[in-house]
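Okay, so the sequence shown: first residue is 428 according to the numbering used here, each after it adds one.
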Amino acid sequence: MTTIKRFTPDYKMHAVRFEAFAREAEHGEYVKFDAHQRAVSALEAERDALAVENESLFSAAGEVYAAGYNHGHLNTVDGIAYTEGVEESFAESGAQVLFESSETPATDAALAAIQAQGVDKFADDLHKTAMAMCSVKPDNTTPGAYAGLARSFAKKLREAK
């Protein structure tokens, strides 16, 4: 996901001279419009990809139902259901249809991002503990070291697509 840089004015800014008088700050009051638009576009693209995958899974579920229905009505003798082998063949054909449509890269990426957010929150909590223990060099404490490891793990989660 695209991060949006936030800015805080050094003093009263004029819109024309934004760059010269703005400094980047985590909780700044201002953002660049184009950065905001890029973030919105990325979220819209992610949403659209998830919608396409969702639709393909609904379609696959319909195919599984249809495969089971056809096997059921073909296995009747004189109007009485003949069930020998029906469950196995239905399970095989249903599994085959689902296997063929099981590629969900957008869903996998979204889940990886959610997991990485959780790890990031854990790293932030560890960092707070490290700051409480030693505010001069928090990375030299055990919680600080673990926070660094957690952040690198979150990065790996995001990169694994």
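From the three backbone atoms N, C-alpha and C, an ideal C-beta is built for every residue, glycine too.
Assuming residue i is part of the alpha helix (DSSP H), what are its boundary residues?
| i | result |
| --- | --- |
| E530 | Looking at the DSSP string, E530 is not in any alpha helix (DSSP H), and its letter there is neither H nor E. |
| T569 | T569 to E586 |
Taking the straight line between their C-alpha atoms, what separation do you get for residue i and residue j?
| i | j | result |
| --- | --- | --- |
| G499 | N481 | Confidence is the limiting factor: at G499 the pLDDT is only 49, short of 50, which leaves the residue's position unreliable, though a coordinate-based value still follows. Near 27 Å, if we compare the C-alpha coordinates of N481 and G499. |
| E490 | L584 | 33 Å |
| A478 | A533 | 9 Å |
| A557 | F549 | 12 Å |
| T569 | F580 | 17 Å |
| K564 | K555 | 12 Å |
| R465 | A536 | 18 Å |
| D551 | Y573 | 10 Å |
| A476 | N567 | 42 Å |
| D461 | T531 | 30 Å |
| A488 | R474 | 21 Å |
| A472 | S486 | 21 Å |
| A559 | L553 | 10 Å |
Beta-carbon separation of residue i and residue j under 9 Å?
| i | j | result |
| --- | --- | --- |
| C561 | G575 | no |
| A540 | K582 | no |
| V467 | K432 | no |
State buried or exposed for residue i, treating a residue as buried only when at least 16 other CB atoms are found within 10 Å of its CB.
| i | result |
| --- | --- |
| A577 | buried |
| L422 | No statement about residue 422 is possible, as the shown extent of the chain runs from 428 to 588 and does not include it. |
| V546 | buried |
| A587 | exposed |
| L538 | exposed |
| H463 | exposed |
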